[in-house]
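Each remark here refers to the structure printed beneath this line.
Numbering (my numbering), first residue to last: 3 to 298.
Structure follows, in structure tokens:
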């Protein structure tokens, strides 16, 4: 990678309203990797929550954000798995549905916008692996995370539907493992690696959602991992923010697993302080990771 690569930076609603640590850590590490995060005026919700209620409303909101990125001659870089999926799905819909395409064309023109399908959405792991590159990441590591055994958690919307080919392999992905290796930590496979965090059930059947998360946390903890690393703000909300609620609801007081964003793990390896990475906002016991790294 030579020079700066520019993206229209799209944190998304959940990051902007709840998961501040993700944006804080992203804004800290990406500029040091040669990625310029451009804040585009006018971005709105990706519309994904509306998809089951009004497909045109969802499609308009997603296409509108892509049009704003395209207007600035930039690809869009959402931090959220769901937002990335939304942008990719609307691209597919517009290719397959000429009536919807014409309808959105009129709606966008009322704002002086147009979308020609040129702005592409990049998943955070794509940006890291394919725009930044493994060797660049290796070159910025100042404090290798030796001795850490990390469990990876991609999140369902990073992998499915498989036909969209968001990452390398929806059934056996490797991007996150490849990106952890140059940091000095070990990322091992485990049977529950692709299991859902339960967030999709959080509103309708909250106890079931917490039970699903609890089962995954327990499995990871029982297998001797030091922490779980994710790239999804919704999964982080379940595994990290609600970990105490999971302990109480599922009657598993021994659950005690540090959960981090990949950007936070990378930042630690780059020698950035935990506070600058927003780790004070993590609600899981991330202090245990910091103690373990003190001897490195």
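Ideal Cβ positions, reconstructed from N, Cα and C, are used throughout, including at glycine.
Which listed residue (the options) has its alpha carbon closest to that of residue i
i           : options               : result
residue 248 : 286, 172 and 232      : 286
residue 217 : 207, 268, 9 and 198   : 198
residue 34  : 215, 7, 53 and 154    : 7
residue 162 : 262, 96, 263 and 196  : 196
residue 267 : 17, 155 and 27        : 27
residue 135 : 180, 51 and 111       : 180
residue 129 : 165, 54 and 79        : 79
residue 16  : 298, 82, 31 and 32    : 82
residue 208 : 230, 244, 187 and 224 : 244
residue 278 : 23, 11 and 19         : 23
Residue span of the beta strand (DSSP E) that contains residue i, given as start and end
i           : result
residue 151 : 151-155
residue 40  : 37-41
Pairwise C-alpha distance: residue j and residue i
i           : j           : result
residue 41  : residue 253 : 44 Å
residue 44  : residue 70  : 8 Å
residue 3   : residue 25  : Below a pLDDT of 50, predicted positions are generally treated as unreliable, and residue 3, at 44, falls in that range; no measurement from the model is reported.
residue 56  : residue 63  : 11 Å
residue 74  : residue 169 : 26 Å
residue 288 : residue 259 : 8 Å
residue 211 : residue 47  : 24 Å
residue 178 : residue 127 : 7 Å
residue 295 : residue 240 : 25 Å
residue 76  : residue 123 : 10 Å
residue 86  : residue 282 : 27 Å
residue 275 : residue 31  : 11 Å
residue 273 : residue 238 : 23 Å
residue 59  : residue 29  : 30 Å
residue 112 : residue 105 : 11 Å
residue 284 : residue 292 : 13 Å
residue 214 : residue 174 : 21 Å
residue 49  : residue 61  : 7 Å
residue 270 : residue 200 : 28 Å
Bounding residues of the alpha helix (DSSP H) (the contiguous stretch that carries residue i)
i           : result
residue 252 : Residue 252 -> no alpha helix (DSSP H), and no H or E assigned at all.
residue 31  : 22-31
residue 210 : 208-224
residue 177 : 177-182
residue 107 : 100-111
residue 141 : 136-141
residue 277 : Run containing residue 277: none; DSSP gives neither H nor E here.
residue 64  : 57-73
residue 165 : No alpha helix (DSSP H) contains residue 165, which DSSP labels as neither H nor E.
residue 289 : 289-295
residue 235 : 235-238
Identified DSSP bridge partners for residue i
i           : result
residue 80  : 12
residue 265 : Paired residues: none, contrary to the question.
residue 1   : No answer is possible for residue 1: it lies beyond the span of the chain, which begins at 3 and ends at 298.
residue 229 : 152
residue 46  : Paired residue(s): none; residue 46 is not in a bridge.
residue 123 : 78
Inter-residue CB distance, residue i and residue j (contact presumed, cutoff 8 Å)
i           : j           : result
residue 234 : residue 160 : 7 Å
residue 230 : residue 153 : 4 Å
residue 36  : residue 144 : Not quite, the Cβ-Cβ distance comes to about 17 Å (not below 8 Å), so this is no contact.
residue 114 : residue 298 : With a Cβ gap of about 53 Å, residue 114 and residue 298 do not count as contacting.
Min CB distance residue i to chain D below 9 Å
i          : result
residue 29 : The structure shown has no chain D; it contains just one protein chain.
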